[in-house]
Amino acid sequence: MTFFRVQILEQRVETLELELDVAISASAHAQAEAGQKAAELQAKEMIKELENTTKVFEFHMEVLRTKEEEISKRDKEIKLLKTVVKTLGGNNFLE
């Protein structure tokens with residue numbers, strides 16, 4: 590009778606060991622999934638930040654282009670005015 594009890598206990602130990610292995614495997618899988626989800630979330634946040642940075646950069650580039658156009662226009666106006674002044678005989682004024 591004792592022999593059978595030992596066999597039953599050994600089988601129970603084997604069953605518990607298998608259940609433990611399954612639980613450990615499931616835990617490792619869950620941790621891997623959680624890590625992957627965290628990495629995906631971080632990647633999405635970084636992409637959003639890059640998109641926002643790109644929008645800000647594009648805005649600043651547009652402002653810069655506008656200012657460059659204004660400077661170019663004023664430079665042309667200054668050159669034209671200098672020519673007009675020279676034509677009207679104001680050479681001493683420009684020097």
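By the count of my numbering, the sequence shown reaches residue 684 at its end, each step adding exactly one. Every residue gets a Cβ at the ideal spot worked out from N, C-alpha and C, and that includes glycine.
Residue i versus residue j - alpha carbon distance
i	j	result
L607	V595	18 Å
L677	K668	14 Å
E638	F646	12 Å
E640	E651	17 Å
F648	D664	24 Å
L653	K671	27 Å
L609	E634	37 Å
E599	T591	12 Å
T655	K662	11 Å
Range of the contiguous alpha helix (DSSP H) that encloses residue i
i	result
L670	T591 to T676
Min CB distance residue i to chain C below 8 Å
i	result
D610	Note that chain C does not occur in the displayed structure, where there is just one protein chain.
Distance cut-off 7 Å: residue i Cβ against heavy atoms of the ligand ADP
i	result
L598	As far as ligands go, the structure on display features none, and thus does not contain the ligand ADP.
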